[in-house]
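*Asks:* Below you will find the structure I want to go over with you.
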Amino acid sequence: MAEPRFLVVRNDEEQYSIWPAGRDLPAGWYDMGFAGTREECLAHIDTVWTDMRPRSVRESAS
Amino acid sequence: MTDILSVSAVRGESLPWPDATLAELVVAQAARTPDAVAVRQWDTRLSYAELLSRAAGVAATLRARGVGRQTRVGVCGTRRPDLVATVLGVLLAGGCYVPLEPGGPRRRLRGIAADAGLSLVVGDAAEAEFGAAPGVEAIGLPGPAPLTPCPARPGDPAYVLFTSGSTGRPKGVLTTHRNVVEFVSGVVALSGADAGVRSLGIASLGFDAATMDLFVPLLLGGTVQLLGAEDRADPVRLARFIVAHEVNWGFITPTVLAMLDPEEVPDWRTVLCGGEAVPAALAARWAPGRRFLNGYGPTETTVLAVSGPLSATEADPVPIGRPLPNHRAYVVDAALDPVPVGETGELLIGGPGLADGYLGRPALTAERFVPDPFSGLPGERLYRTGDLVRHDLDGRIIYLGRADRQVKIRGQRIELGEVEAVLADLPGVASVAVEAVAGPAGTELVAFLTPTDAPDDARLRAYAGSRLTAAMLPARVLRRAALPVSPTSGKLDRPALRALAATALTTPPAEPGGTPADAVVPAALTDDPVAAAVAGIWTRLLGTPPGPDTDFLAAGGNSIAAMRLVAALRDELGRQVDTREVFALRGFGRLVEQVAVAPSAGDELSTGNPPTLSPPQRRLWFVDQLAPSSAPYNIAVAHRLRGPLDTAALGAALRAVAVRHDVLRWRIPQTGGVPYAVCAEPTDVAVPVVDLTDSADREAELARMLAAGAAHPFDLATGPPWQVTVYRLGPDEHVLAVTWHHAVFDGWSERVCYDDVATGYGRAVAGQPPALPELRARYADYAVWRDARDRRRGEADLAWWAGHLSGAPTVLELPRDRPRPAVQTYAGAEASIRLSATADHAVRELAERRGTTVAAVLLAAFGELIARLTGGDDHVLGAIVADRRLAAFDDVVGLFIDTVPVRVRTAGASFAELVDRCAGELHDATAHPGAPLERIVEALGVGRDTARAPLVQVLFNVLNFAPPRLDLSGLSTEPVAVPKPGSPFDITVYVVERDGRAGVEVVYNPDLFDATRIEDLLADLAGLVDALAATPHAPARAVAVDLPRPTVRVPQLGAMTVAGAEAAGPPPGLLPAGPDGLTETEELIAGIWREVLERDRVGVTDNFFDIGGHSLALAAVHARLTAATGRSIRMLDLFRHPTVRALAASLDGAADRPELARAAMRAAARRGRTRRIPPRRPGGTA
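So the sequences go chain by chain: U and D. Counted from 1, the first sequence has number 45 at position 45 by the UniProt record's numbering; the numbering is strictly sequential. Counted from 1, the second sequence has number 675 at position 675 by the UniProt record's numbering; the numbering is strictly sequential.
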C-alpha cells in the first residue's frame, strides 16, 4: 500500500504546513512545489523554513 | 452567539481586543491607577507605580545588554512580588521571557536555556541556578529606573513556554503579545472580571495559566495575590492565603481544588478549573453559589481555547464548554474531515490564540499547525490538539482522552516518549518502556527497563533527577530480561505492559532485610497497602491510629517525630520523603499519597560491623584530650525510687543493657594520636550503694554527691563510659544515679535505656533471666552506614555548607561580665524560664500558621535578641540534629546527634519572616548531613583559638523530648534534678516543654557571665517572644524596642577582652641555632608536621591549621611528639602554639633538659633514614 502523499504549502505570513495531495487547497495557502510522503514534506520544511517569524513581524522588525 | 453547525464545528462569538502589547497596556493602566495595589503577598504590596518602576529597572538593565524586540531572556525567580516586576521588565525591554523554574531539574533547565538560545537570565534565583552556566549571564534584581517606552509590537513573542516533547526534548511554544491580549479580553468577558479582581496567583510561571493569574488583573487595575512557594504547597496555608488576601477570582487545577473546602473561601466568587479533567463531584461541591467554569486549552492555543460554566448536576465526563470568543473548534476524523455531531474525533482549534509555533522546530510546527479548510478565512491555521472529544447536543465539547501518548500527572502535561528517551540514554539500559496507570495517588508512571541488571533505582534517580521533573519520574521501575511483544503485530505489547504496571503499583517494593510494619491498623485503611503501612508507622510513632484527615502536628508530631517518620518510611517502605514534605503535607491522607509517589531510597545498612568510631565521637574524644579533667560532655540523670529495691536484680538488668548495647562497653584508646574503638566483654555490673541514712542532712549530701557523680571524669581509653550509683536514703527510698559520657549516649538513648532497664529489672525480680533480645543494628553499624553516606554525599554537602556560610562571622561575642579566659574553660551553671500562658499560646499558633515548630519560633526570637545584643544582623549558632535516619537505629543506645551551624540573618524582616528563615535553616541543616562539623570548620578556614570552640560558641538545642519515664517493677519513681556538669559552649539554650508550656533552659559558662545577667537575659527573651509573637507581621526590630535591658546589653567594663593573652612569638634568647637557622627542637617538630600533614615542607612560622592541619591531625602530632621526646606535653600547648617556632620555643623554655630534644632529634633522624628527606631550604623552611 502506497503511503499517502502530501504537498508542502505556505500562507501569506510565510508559515509552512503540509496538505494532502489531490485535495482542494484552502484559500490563502499556496503549493510550494514539493510533494512527497508526510515525512519527506516535513523534512523539506525543516530545511526551507529558516526564519519562523511570520512575515509581518519579520518585516516590521527590519 | 455561538454558531452550531451540522457537523462538529463551533465558533465563539466575535469580540474586539486592543491592538497593543502587554507592556503598553500595563503602563496605561498604571497611569490610570498608580497607587492601586498591583501585586500583594502578605505584607508585601507593590502599587502599579512601584511595579512599573521596578520593571523599568529590569528593562533598563536588559536594554543596556542589548535586549530589544524578540530577544529571549530567561526569568528565574522565586515566588515573590518582584517576580512579576521581572517578567514585566523583560516585556518592557521589548523582549520575550522564558520561564526557568528555580529548583527544577538542573540539566533540563540548562537544556531549555540552550534550546532557547539564552545568554541572559534575570531574577532573584538567576545567580543560584545559572551563575555557573557557561555563556549565560545571570542578573539579579536591579534597582528602579525611569520608564521608557516598550519597543515591541503586538505580533512579537511575549514568552516561550517549554512543554514535554515526545522525542525526549522539551519543545518551546512561542506565544505573542497579541495572543495573550486577545485571550485576556476573552476570558474577562467570559468570567465577568473587572477592576475589583483579586486573582489567585498560584500557577508556576512555566505553566501558561500564570498568564491568566498575572495579566487579567494587571490589564484591569486589579491585584495579583501572588502565592509564595510554601503557601502554594500546603492546602491549609493555601486556604488561609485565599481568605487573608480576599481572593475573588482564580484558575486552579481540580487536584488542588479538591483539597480545599468551598465553605472556607466564600469570597472566591469566580472559580476557573482545568488543566486536567474536572470530576462531576468536584463541580457539585463548588458550583453552588458561585461562578464555576471549566477551562480547557493547550499551551499552543494560549491558556484557554474552550470554556464553559459547570453546574452542580453534571455527569462524568463533564463538558469542557464552547470556544472562547474569536475561536473556532472542529472535531475531525483521521483524514481531517469533520465528523457528524456527537461522534468522537480529534479536536482542532483555530483563532487568534494560536501560537506562532515551536521555537526552532519547523517540521513539528508544520505538522501540528495545519491549513484551515473550514472557516473560509484565507491563510488561517488550525492547531491539532491530539485530544479526543465529541460534541453534545447543546454544542458543548466533551473531553474523552488523548489520541497519543501524552498523559497528565498531577496537572503536568507529560509525553511518555520524553521520559522513555531520557531513561534510554542512561548507560546500562538496553530498552525502555514507560506506561501511565492509575495508582493509589492518581495517575502514576511505571518504567520497564531491560536487561534485568539495568541500573538500580539510586543510579536511575541520580541520573534522571536532573533531567526530568518530579512528575515525570517513574513511581516504580521494573527490570526485565525482555519487554513483552504482541504476537500479532510484533510491536511492543503496551496493553500487557499496562497490566504489569498496574500490578506493580499495588505491590510494595521488596525490601531486603526490612521488616514489615506490624502495628494495628484501622480496618478502613487496610485495602490500600501503602496507606496501611504508613498508618502502622504513624501509629507506632505518634501513639494513635490516624484517620485520612488526621493532621500531623495536631497528632503530636514535631521535628523529631517527622524525622523518625521519614526514617521509618525509608527503612520499611523504601520510600524517600523529606521532613519538610511531612510538615507541608500535614494530613495523613496526603502523606500517603506522597509516599506512594516518593522515589525509593537507596541507603544500605550492613550489620555485624566491628567497633567503629563516628565523626562526632572522634570530636568528643578530641575535646576530652584537650581538657581531660573537665566533664562538659557528661550526661547525668537520677531517679528517686520508692519501694523495695532489689539491687541484685538491678545489677542483672544493667548487665543485660550493656550486653545489648555494646557501645556502653567500648573503650577509646589511641595509637599515634588516632583514636579507635574496642569493645570489652560484658561483666557483672556491681551497683555501688552509698548509704546516706545516717547523714545529718541527707538531701544536701545527696545533692553534693549527685553533682560530683555528674562531673565524674571518664577515662575513655581504659574504663567504662558510664557509671551507676545507688544512694540509700531509707529502707524503701533510694536514688538511682547514672552518668554517661556523651560519646556513647544522647538524649534519645535515655528512653531506650530506661525501657531496657525496666524490662530487665522486671524479669530479674520475677526470677527470670533478664536477657534482652538482640538488636537489628548496633552503634558500629551506624558508624559504618554513616561513613558510606558521608563519603557519598560529603563533597556535595560540604560545598553546600561552604556556600551557605560564606561570609558569615565565625565568632559570636555576647556582652559578658569577665574577660574571656585565654584557654576555654568548661565551667557550667544553669538557669531557665517558662513562657507566659499568652506567649506560649501565641508561639504555638504562629508555629502552626507558618507550618513549623515551636523551636523554630523560639530560635527566631533568640536570633533577634542576639542581634540586639551584638548590633550585628548575621550570626552563626549551633543546632543539634539527630541522625537516626534509619528505623533500625531507633532502639540503639549511642551518640547519633551532631552539632551543625545555623546561620541566623535578622536584617529587615518581620518576625513571621524570621520564623520562616529559621524553619528553613533548621530544615537545611538536617538536609546536608554528609559533612560533619570539623570538615565544615576546616572548609571555612576558621582560625583555631584556645579561648573558644571553633565556629559555634552558642548552641541552640531544639531537640525537645518529653523526659522519658523510668518504670521499675514494684517501685514508684520520680526524676531528681542533677546539675549539668559543665558547659561545652559559652551558652547552650535548650527548648523545653514543662507542664504543657514551652520554655527554655540554658547552661552557661559562669567564667564569662554572671547569674544576674543570664537571668535578665532569659526574662528579656521571654518578653521579646511575647511581643514578637503578638505582632508577627511588624518589622521585628521595631517591636519591644526597650528589650533587652541595659544590664543584659552592656558588658562589664573591660570584659570584652581575652584574659592573659600571651605575646606572640618566642621568648628572646633561644633563637637561632643550627647551621640552617633552625633549632633542633624546631627540626624535630617540623619533621613530625611533615609526616602527619604529608607535606614536603613546612615553614617555621606557618600556622598548623592554615596548611591542612585539623584537630585529629593535631592529636597525631601530639602522640608523636610525646613519643619522640619522652615528655608529657599537654595537647593544649600544641593548640596554643600553632607554629613550629612558637611550639619549639614553648617546649625549650619549659624543658628541664634541652638536650632531651637533641637526643630525640637524633632518634627521629635515624628512623627517618629510610624515608625520603626533602632538601632543606634557606630562610627557615624545613
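C-beta: ideal position from N, C-alpha, C; glycine also. Fair warning: this is a prediction, and the values are worked out from it, not measured in the lab.
(1) When the cut-off is 9 Å and only beta carbons count, does Thr2(D) lie next to chain U?
(2) By the criterion of Cβ-Cβ separation under 9 Å, what are the contact partners of Gly155(D) in chain U?
(3) How is the alpha helix (DSSP H) around His841(D) delimited, first residue to last?
(4) In angstroms, rounded to a whole number, what distance separates the CA positions of Asp194(D) and Val39(D)?
(5) Flag Gly357(D) as yes if its beta-carbon sits less than 9 Å from any beta-carbon of chain U, otherwise no.
(6) Check Asp259(D) in the structure and name its three-state DSSP category.
(7) DSSP state of Phe34(U), grouped into three classes?
(8) Tell me which same chain residues have a C-beta within less than 7 Å of the C-beta of Gly411(D), skipping the five on either side of it?
(9) Distance, Cα to Cα, Thr61(D) vs Pro142(D)?
(10) With a threshold of 16 other CB atoms inside 10 Å of the CB of Ile1107(D), please say whether the residue is buried or exposed.
(11) Between Glu3(U) and chain D, is there a C-beta pair that is closer than 9 Å?
(12) List the residues that DSSP assigns as beta-bridge partners of Phe956(D).
(13) Report the rounded CA-to-CA distance for Glu699(D) versus Ser1111(D), giving the unit in angstroms.
(14) Rounded to whole angstroms, what's the CA-CA distance from Asp43(D) to Leu100(D)? Just pull it up for me.
(15) In whole angstroms, what is the alpha-carbon distance linking Thr1057(D) and Ala947(D)?
(16) In three-state terms, what does DSSP make of Arg153(D)?
(17) For Leu42(U), return the contacting residues in chain D, with the cut-off set at a CB-CB distance below 9 Å.
(18) If you draw a straight line from the C-alpha of Ile45(U) to the C-alpha of Ala366(D), how long is it?
(19) Whose Cβ in chain D lies nearer than 7 Å to the Cβ of Ala27(U)?
(20) Using a Cβ-Cβ cutoff of less than 6 Å, which residues in the same chain neighbour His875(D) once the five nearest sequence positions on both sides are dropped?
(21) Around the C-beta of Leu7(U), are 16 or more other C-beta atoms found within 10 angstroms, so that it is buried, or is it exposed?
(22) Give the list of continuous alpha helix (DSSP H) stretches no shorter than 4 residues that lie fully inside the segment 905–953 of chain D.
(23) Report the neighbours of residue 89(U) on chain D: residues whose CB is nearer than 7 Å to its CB, in chain order.
(24) Around the C-beta of His1033(D), are 16 or more other C-beta atoms found within 10 angstroms, so that it is buried, or is it exposed?
(25) Starting from the beta carbon of Asp12(U), find every residue of chain D whose beta carbon is closer than 8 Å, and list them in chain order.
(26) Indicate whether at least one CB of chain D lies closer than 9 Å to the CB of Thr37(U).
(27) When the cut-off is 9 Å and only beta carbons count, does Pro18(D) lie next to chain U?
(28) Taking only beta carbons into account, state which residues of the segment 66–79 of chain D come closer than 7 Å to chain U, listed in chain order.
(29) Going by beta carbon distance, what residues of the same chain come within less than 7 Å of Glu420(D), once the five residues before and after it are set aside?
(30) Which residues in chain U have a C-beta closer than 9 Å to the C-beta of Asp898(D)? List them in chain order.
(31) Would you say Arg1120(D) and Gly673(D) are within 9 Å of each other, going by their C-beta atoms?
(32) Would you say the beta carbon of Ala430(D) is closer than 8 Å to some non-hydrogen atom of the ligand MG?
(33) Which residues does DSSP pair with Gly287(D) in a beta bridge?
(34) Distance, Cα to Cα, Thr450(D) vs Gly68(D)?
(35) Less than 9 Å between the C-beta atoms of Val893(D) and Cys753(D), yes or no?
(36) Taking the straight line between their C-alpha atoms, what separation do you get for Leu772(D) and Leu968(D)?
*Replies:* A quick look at the data gives this:
(1) Note that Thr2(D) scores a pLDDT of 41, beneath 50, so its modelled location is shaky and nothing firm can be said.
(2) Those within 9 Å of Gly155(D) in chain U are Arg53, Pro54, Ser56, Val57 and Ser60.
(3) Ala837 to Arg849
(4) 16 Å
(5) yes
(6) Strictly speaking, residue 259(D) in this sequence is Met, with Asp absent from that position. Coil.
(7) Note: Phe34(U) maps to strand in three-state DSSP.
(8) Thr253, Thr255, Gly275 and Glu276
(9) Straight across, the Cα-Cα distance linking Thr61(D) with Pro142(D) is about 7 Å.
(10) exposed
(11) no
(12) Per DSSP, the beta-bridge partners of Phe956(D) are Ala879(D) and Val989(D).
(13) 42 Å
(14) 26 Å
(15) 11 Å
(16) It is coil, neither helix nor strand.
(17) Pro362, Ala363, Leu364, Ala366 and Glu367
(18) 8 Å
(19) Going along chain D in sequence order, the residues near Ala27(U) (Cβ under 7 Å) are Gly376 and Pro378.
(20) Contacts found: Leu812, Ile866 and Val904.
(21) buried
(22) Within the segment 905–953 of chain D, the alpha helix (DSSP H) runs of at least 4 residues that lie entirely inside it are, in chain order, 911–927 and 933–940.
(23) Coverage of chain U is limited to positions 1 through 62, which leaves residue 89(U) absent and any answer about it impossible.
(24) exposed
(25) Pro378 and Gly379
(26) no
(27) no
(28) Arg69 and Gln70
(29) Val432, Ala433 and Val434
(30) Chain U residues near Asp898(D): none, gap ~56 Å exceeds 9 Å.
(31) Their beta carbons are under 9 Å apart, which means Arg1120(D) touches Gly673(D) by this criterion.
(32) You won't find the ligand MG in this model; it holds no ligand whatsoever.
(33) Note that residue 287(D) is Ala in the sequence shown here, rather than Gly. According to DSSP, which records beta bridges pairwise, Ala287(D) is partnered with nothing at all.
(34) 49 Å
(35) Pairing Val893(D) with Cys753(D) gives a Cβ-Cβ distance under 9 Å.
(36) 16 Å
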